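J.: Supplied in structure tokens, the structure appears directly below.
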Ligand code: NAD
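Residue numbers (this note's numbering): 1136 to 1615.
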């Protein structure tokens, strides 16, 4: 039964959800990256629709702000309920469009994270800060709504990253216009459809389209702030587009996270966390482990443990409950992985497993690939691969490992692995990255601020700090 039932805010199934977001005629086909089958169609009306959505969001914003923190909290919690009520339909559509399996840290996990992020973001307290209160003077710092926030997202975690952007923006009294990736618009349209069963009209809109729509959003005079997650190259373009209207920006850009395994780590104990640190979402994750530095004393054991795991993890079509790894989301990303692995092979590096995709299959599947005995300046190390190919580099001294970890322009995340937590924290303090995890990698938490340094971007998301980035700071000061 493909009937929409907005009264309860639930949709019968993925087909019902899809029916509710598709154009009645026309549109562009969206294909399943695992099979090549058409998942659905998306209408892409372009810049005129974007302007209309921004105008509607501008009109809706004062009433949304007037609900106050408590009123908005209530609605964000109801929005989380709506996601949970539609979780299977959302996960299935996400799996088909993005390619990620239902199981493992993938589609169901992503949908669950959307609800969790909304609830946690609703729960934060943000009181005015009293900065000075003495000698007859006071100064207080408030965070007011900004207005309309524009959100531009990537294709790897389309629902979760959209939620990272919209949850704090809405909580702070802003309305939101989103521009999803052209590769995964259905996931974001479906998420918004579910959220909009409880949110007031005009508060949250999605306008699908390509870079032209993104560029217009980033330069639109009625957009107060842009939340952007995507590549560093596009982040730079957005800085330029936003300059004339001096917009606030949060830029979560590309990463090339290093993991440093110290000599006292236990290879068998850390192998599984290392594996998922690198291969969550089949490696298509901003803060995935993308370069692994292992001390020479345990290098062979770590390589062996990871190879064993890589060979056991099932990869395939997402809707098959057995699989935990999926295809690359698109051909361009498949080609990047193929090029980088080829460059590693050409240099004489040792492929421990993978490296030979089956060219007869319909999807963009690239097997998990581990590459050992590789130089630090090899392209597979120096460029962000964003897929299932991990270079493992041997080092002798901690100084050498830290120097290699800090040697790139990217600084999103990093990790240190050791049986001695105090020693690991000392090494962590020397690494140039926005987050350094100890004995895990990439584990984000809605309470804990997250953001990059260097060319991985600026601004913080999550936690109370993340809320502050979605508000306009205002000081009120005078005689007390
Ligand atoms: P991308 O930069 O190609 O596209 C991201 C979005 O920007 C898309 O919606 C696209 O349509 C839009 N866009 C393209 N050109 C634009 C322009 N000139 N102006 C405005 N918008 C424009 O990124 P992608 O390939 O979708 O995502 C992969 C990249 O994202 C990787 O580098 C990854 O590391 C990064 N990423 C970072 C984080 C993080 O939190 N730091 C999270 C996920 C992904």
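Every residue, glycine too, gets a C-beta built ideally from N, C-alpha and C. Please read these numbers as outputs of a predicted model, since none were measured by experiment.
Give the DSSP bridge partners of residue 1340, in chain order.
T.: As a working mapping, residue 1340 is identified with position 205 in the chain shown. DSSP lists 1312 as partners of residue 1340.
J.: Closer than 6 Å by C-beta to residue 1299: which residues in its own chain qualify, once you throw out the five before and the five after it? Chain order, please.
T.: Sequence index remark: in the chain shown, residue 1299 carries index 164 (1-based). Hits under 6 Å: 1596.
J.: Return the CA-CA distance between residue 1278 and residue 1343, expressed in angstroms with no decimal places.
T.: In the chain shown, counting from the first residue as 1, residue 1278 sits at position 143. In the chain shown, counting from the first residue as 1, residue 1343 sits at position 208. The alpha-carbon atoms of residue 1278 and residue 1343 are separated by roughly 30 Å.
J.: Report, in whole angstroms, the separation of the C-beta atoms of residue 1511 and residue 1539, which I expect to be a contact under 8 Å.
T.: Indexing the chain shown from 1 puts residue 1511 at position 376. Indexing the chain shown from 1 puts residue 1539 at position 404. Residue 1511 to residue 1539, Cβ: 5 Å. Contact.
J.: Can you give, in chain order, each stretch of the alpha helix (DSSP H) that sits fully within the segment 1498-1577 and has at least 4 residues?
T.: 1514-1517, 1533-1540 and 1556-1564, all fully within the segment 1498-1577.
J.: Can you name the residues that DSSP bridges to residue 1485?
T.: Against the chain shown, residue 1485 aligns to sequence position 350. Bridge partners of residue 1485: 1507.
J.: What is the rounded straight-line gap between the Cα of residue 1374 and the Cα of residue 1285?
T.: Numbered from 1 along the chain shown, position 239 holds the residue referred to as residue 1374. Numbered from 1 along the chain shown, position 150 holds the residue referred to as residue 1285. Roughly 13 Å separates the two Cα atoms.
J.: Specify, as a first and last residue, the run of the alpha helix (DSSP H) that residue 1233 falls within.
T.: Sequence index remark: in the chain shown, residue 1233 carries index 98 (1-based). Counting along the chain, the alpha helix (DSSP H) containing residue 1233 begins and ends at 1222-1233.
J.: Any heavy atom of the ligand NAD inside 7 Å of the beta-carbon of residue 1587?
T.: Your numbering for residue 1587 matches position 452 in the chain shown. Answer for residue 1587: yes, Cβ within range of the ligand NAD.
J.: Count the other CB atoms, across all protein chains shown, that sit within 10 Å of the CB of residue 1256; report buried if there are 16 or more and exposed otherwise.
T.: By 1-based counting over the chain shown, the position of residue 1256 is 121. Residue 1256 should be labelled buried.
J.: Quick one: what does DSSP say residue 1493 is sitting in, helix, strand or coil?
T.: Locating residue 1493 in the chain shown gives position 358, counting from the first residue. Three-state DSSP puts residue 1493 in coil, outside helix and strand.
J.: Using 8 Å for Cβ pairs, my map puts residue 1315 next to residue 1293. What's the rounded Cβ distance?
T.: Here residue 1315 refers to the residue found at position 180 when the chain shown is read from its first residue. Here residue 1293 refers to the residue found at position 158 when the chain shown is read from its first residue. Yes, residue 1315 and residue 1293 are in contact; Cβ-Cβ is about 6 Å, under 8 Å.
J.: Would you say the beta carbon of residue 1290 comes nearer than 7 Å to a heavy atom of the ligand SAM?
T.: The ligand SAM is not part of the structure shown, which contains the ligand NAD as its ligands.
J.: Tell me whether residue 1369 counts as near the ligand NAD, meaning its Cβ is closer than 7 Å to at least one heavy atom of that ligand.
T.: As a first step, residue 1369 is located in the chain shown; it is residue number 234 there, counting from the start. Checking every heavy atom of the ligand NAD against the Cβ of residue 1369, one is found closer than 7 Å.
J.: Relative to the ligand NAD, is the shortest distance from any of its heavy atoms to the C-beta of residue 1424 smaller than 7 Å?
T.: In the chain shown, residue 1424 corresponds to position 289, counting from 1. No.
J.: Can you tell me whether residue 1136 is buried or exposed? The criterion is at least 16 other CB atoms within 10 Å of its CB, across all chains shown.
T.: Counted from its first residue, the chain shown places residue 1136 at position 1. Unreliable positioning characterises residue 1136 in this predicted model, as indicated by a pLDDT of 30, which lies under 50. The coordinate reading is nonetheless provided below. Classification for residue 1136: exposed.
J.: Using the rule of at least 16 other Cβ atoms within 10 Å of the residue's Cβ for burial, across every protein chain shown, is residue 1098 buried or exposed?
T.: Residue 1098 lies beyond the residue range present for the chain, which begins at 1136 and ends at 1615; the question has no answer from this structure.
J.: Within the present structure, is the beta-carbon of residue 1301 separated from the nearest heavy atom of the ligand NAD by less than 7 Å?
T.: Counting from 1 along the chain shown, the entry for residue 1301 is found at position 166. Incorrect: residue 1301 has no Cβ contact closer than 7 Å to the ligand NAD.
J.: Report yes if the C-beta distance between residue 1167 and residue 1231 is below 8 Å; otherwise report no.
T.: Stepping through the chain shown from its first residue, residue 1167 is reached at position 32. Stepping through the chain shown from its first residue, residue 1231 is reached at position 96. Yes, the Cβ-Cβ distance between residue 1167 and residue 1231 is below 8 Å.
J.: Residue 1601 and residue 1303 look like a contact to me (Cβ under 8 Å); what is the Cβ gap, rounded to whole Å?
T.: Position 466 of the chain shown, counted from the start, is the residue given in the question as residue 1601. Position 168 of the chain shown, counted from the start, is the residue given in the question as residue 1303. About 5 Å separates the two Cβ atoms, so the contact holds.
J.: Using DSSP bridges, identify the partner residues of residue 1326.
T.: Locating residue 1326 in the chain shown gives position 191, counting from the first residue. DSSP lists no partner for residue 1326.
J.: Could you please give the first and the last residue of the uninterrupted alpha helix (DSSP H) stretch that includes residue 1348?
T.: Locating residue 1348 in the chain shown gives position 213, where the first residue counts as 1. From DSSP, the alpha helix (DSSP H) with residue 1348 extends over 1346-1354.
J.: Decide if the segment 1195-1214 is in contact with the segment 1223-1238; the criterion is three or more beta carbon pairs, one per stretch, under 8 Å apart.
T.: Short answer: they don't touch.
J.: Would you say residue 1600 touches the ligand NAD, meaning its beta carbon is less than 7 Å from a heavy atom?
T.: In the chain shown, residue 1600 corresponds to position 465, counting from 1. Not so, every heavy atom of the ligand NAD lies at least 7 Å from the Cβ.
J.: Just to confirm the assignment, what range does the beta strand (DSSP E) spanning residue 1173 have?
T.: As a position in the chain shown, residue 1173 is number 38, starting the count at 1. Its beta strand (DSSP E) spans residues 1173-1177.
J.: Rounded C-beta distance between residue 1387 and residue 1592? I'm assuming under 8 Å.
T.: Looking up residue 1387 in the chain shown gives position 252. Looking up residue 1592 in the chain shown gives position 457. Confirmed, Cβ separation roughly 5 Å.
J.: Check this for me: beta carbons of residue 1272 and residue 1615, under 8 Å apart or not?
T.: Counting from one through the chain shown, the residue named residue 1272 turns up at place 137. Counting from one through the chain shown, the residue named residue 1615 turns up at place 480. Yes; because the gap between Cβ atoms is below 8 Å, this pair is in contact.
J.: My output table needs one value for residue 1439: the three-state DSSP class, helix, strand or coil.
T.: Counting from 1 along the chain shown, the entry for residue 1439 is found at position 304. Reduced to three states, the DSSP call for residue 1439 is helix.
J.: May I ask you to list the residues that DSSP assigns as paired with residue 1426?
T.: Here residue 1426 corresponds to residue number 291 of the chain shown, with the count starting at 1. Bridge partners of residue 1426: 1393.
J.: Take the Cβ of residue 1453 as the centre, count every other Cβ of all protein chains shown within 10 Å, and call the residue buried at 16 or more, exposed below.
T.: Taking the first residue of the chain shown as position 1, residue 1453 is located at position 318. Buried, since its Cβ has 16 or more Cβ neighbours within 10 Å.
J.: Within 10 angstroms of its Cβ, does residue 1350 collect 16 or more other Cβ (buried), or is it exposed?
T.: The residue you call residue 1350 lines up with position 215 of the chain shown. Burial call: buried.
J.: Contact between the segment 1473-1480 and the segment 1261-1268: three or more CB pairs below 8 Å?
T.: These segments do not touch.
J.: For residue 1149, which residues from the same chain have a beta carbon less than 6 Å from its beta carbon, with the 5 sequence-adjacent residues on both sides left out?
T.: Sequence index remark: in the chain shown, residue 1149 carries index 14 (1-based). Around residue 1149: 1224, 1227 and 1228.
J.: Smallest Cα separation from residue 1415: which of 1190, 1429, 1491 and 1522?
T.: Mapped onto the chain shown, residue 1415 falls at position 280. Minimum Cα distance to residue 1415 is reached at 1522.
J.: For residue 1210 versus residue 1333, is the C-beta spacing smaller than 8 Å?
T.: Numbered from 1 along the chain shown, position 75 holds the residue referred to as residue 1210. Numbered from 1 along the chain shown, position 198 holds the residue referred to as residue 1333. It is a contact, given that the beta carbons lie within the stated cut-off.
J.: Is residue 1168 near the ligand NAD, going by C-beta to nearest heavy atom under 7 Å?
T.: Against the chain shown, residue 1168 aligns to sequence position 33. No - the ligand NAD has no heavy atom lying nearer than 7 Å to the Cβ of residue 1168.
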